[in-house]
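Number of protein chains: 2
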Amino acid sequence: MTTSEPDRLSLTLAALADPTRRAILARLSQGEASVTELAEPFKPMSLPAISKHLKVLEKAGLISQRREAQWRPCRLEPAPLKSVDEWLERYRRFYEASFDSLDEYLRQIQKPETWPRDPGQTSAPPGSTQ
Amino acid sequence: MTTSEPDRLSLTLAALADPTRRAILARLSQGEASVTELAEPFKPMSLPAISKHLKVLEKAGLISQRREAQWRPCRLEPAPLKSVDEWLERYRRFYEASFDSLDEYLRQIQKPETWPRDPGQTSAPPGSTQ
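Protein sequences, first through last, are from chains A and B. Residues 1 to 130 (my numbering) make up the first sequence, in order. Residues 1001 to 1130 (my numbering) make up the second sequence, in order.
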């Protein structure tokens, strides 16, 4: 892998690193749209500027464009997003673990004392008003 | 939001759009490491080049570096990765949907006939040898 030729995942992440391009994907997540339709919410951004963003997304495989006579709709291609998701997998335990700890902490401070765990029983601890 | 000042998520995605920086994060997912330790597997890449990558990661909030006299360990900061994960959420149904269909298809071709669903009963369909 050379730095002059970016790998697939780098290409995807670089394409996603722009709020306009992410907004275009969000629009396409609701269905196919023409370049003119995609450009509409970004006025006064020029059509060539939008086309440039679309080219970046297309090169990354995040969108495709059917070429018909009057109507050239763009559509979302989710495969590269799945690769990002898979790459994230090994890091998920870090932020999910922090949340588990926070949950645990919140559970602890909401209880006056720590009772032995018995998931089968729903009876309230002594002194509880429940 | 201006294009000259990238938003947080764009900063994160741009930082991740490089195989060396992703490899540094992978190393840090195994524990804290010094800059020298992080640079080791990337030889002959220079230490200043690695430091530049670390600055990009630090600016995106993906790593932090404790500053001590002899030992300045870097550590992974998972919060920005969680934001990427959350951003992916709305797209997940696109690639997961394809897998659901495949699962459904595989279930269909493995059954000789379709039986009415009754999750409460475990009895085998007529003709089964179970």
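Cβ atoms here follow ideal geometry from the backbone N, Cα and C, with glycine treated the same way. Just so you know, these numbers come straight off a predicted model, no measurement behind them.
Exercise. Does R92(A) come within less than 9 Å of chain B when only Cβ atoms are used?
Worked result: What you label residue 92(A) is simply residue 92 of the first sequence in a count that begins at 1. Closer than 9 Å to some Cβ of chain B, the Cβ of R92(A) qualifies, so yes.
For this session: Please compile the residues from chain B whose C-beta is within a distance smaller than 8 Å of the C-beta of K82(A).
Result: The sequence position of residue 82(A) within the first sequence is 82, counting from 1. By Cβ distance, chain B contributes Y1095.
Exercise. Excluding sequence positions up to five away, which residues of its chain have a Cβ less than 6 Å from the Cβ of L1011(B)?
Worked result: Taking the second sequence and counting its residues from 1, the one referred to as residue 1011(B) is at position 11. Same-chain partners within the cutoff: A1060.
Exercise. Quick one: is E1005(B) buried, meaning 16 or more other Cβ sit within 10 Å of its Cβ, or exposed?
Worked result: Position 5 of the second sequence, counted from the first residue, corresponds to residue 1005(B). Exposed, because fewer than 16 other Cβ atoms sit within 10 Å of the Cβ of E1005(B).
Exercise. If you measure from the beta carbon of L1013(B) to each beta carbon in chain A, is any gap under 9 Å?
Worked result: Along the second sequence, one-based indexing puts residue 1013(B) at 13. By this cut-off, L1013(B) is an interface position.
Exercise. Roughly how far, in whole angstroms, is the beta-carbon of Q1035(B) from the beta-carbon of R1072(B), given that I think they are within contact range, below 8 Å?
Worked result: Working through the second sequence from its first residue, we reach residue 1035(B) at position 35. Working through the second sequence from its first residue, we reach residue 1072(B) at position 72. It should be noted that the sequence gives Val, not Gln, for residue 1035(B). The pair is a contact, with the Cβ atoms about 7 Å apart (cut-off 8 Å).
Exercise. L76(A) lies in the beta strand (DSSP E); which residues open and close that run?
Worked result: In the first sequence, residue 76(A) corresponds to position 76, counting from 1. Unbroken beta strand (DSSP E) run through L76(A): C74 to L76.
Exercise. In terms of residue numbering, what span does the alpha helix (DSSP H) encompassing S51(A) cover?
Worked result: Residue 51(A) sits at position 51 when you count from the first residue of the first sequence. Its alpha helix (DSSP H) spans residues L47 to K59.
Exercise. Does the beta-carbon distance from E32(A) to R75(A) come in below 9 Å?
Worked result: If you number the first sequence from 1, residue 32(A) lands on position 32. If you number the first sequence from 1, residue 75(A) lands on position 75. Yes.
Exercise. Which residue comes first and which comes last in the beta strand (DSSP E) that contains S64(A)?
Worked result: Locating residue 64(A) in the first sequence gives position 64, where the first residue counts as 1. First-last of the beta strand (DSSP E) with S64(A): I63 to Q65.
Problem set entry | Contact with chain A by P1073(B), beta-carbon distance below 9 Å | Here the question's residue 1073(B) lines up with position 73 in the second sequence. It does not; no Cβ of chain A falls within 9 Å.
Exercise. Taking Cβ-Cβ distances shorter than 7 Å, what residues in chain A pair up with P1044(B)?
Worked result: As a working note, residue 1044(B) is residue 44 in the second sequence. The contacting residues do not exist; P1044(B) stays about 13 Å from chain A at best.
For this session: Answer with buried or exposed for R93(A), where buried requires no fewer than 16 other C-beta atoms within 10 angstroms of its C-beta.
Result: Taking the first sequence and counting its residues from 1, one reaches residue 93(A) at position 93. Per the 10 Å Cβ criterion, exposed.
Exercise. For A26(A), does the three-state DSSP call read helix, strand or coil?
Worked result: What you label residue 26(A) is simply residue 26 of the first sequence in a count that begins at 1. Correct three-state label for A26(A): helix.
Problem set entry | Residue burial classification, P1044(B) (beta-carbon count within 10 angstroms, cutoff 16) | The count along the second sequence starts at 1 and reaches residue 1044(B) at position 44. P1044(B) is exposed by the Cβ-count criterion.
For this session: Flag this pair as yes or no: are the beta carbons of L1047(B) and V84(A) separated by less than 9 Å?
Result: The residue you call residue 1047(B) lines up with position 47 of the second sequence. The residue you call residue 84(A) lines up with position 84 of the first sequence. The answer is no: Cβ separation not under 9 Å.
For this session: Tell me where the alpha helix (DSSP H) around E37(A) begins and ends.
Result: Within the first sequence, the letter at position 37 stands for residue 37(A). Looking at the DSSP string, the run of the alpha helix (DSSP H) that includes E37(A) is V35 to A39.
For this session: List the endpoints of the continuous alpha helix (DSSP H) containing A15(A).
Result: Walking along the first sequence from the start, residue 15(A) turns up at place 15. Segment R8 to L16, the alpha helix (DSSP H) holding A15(A).
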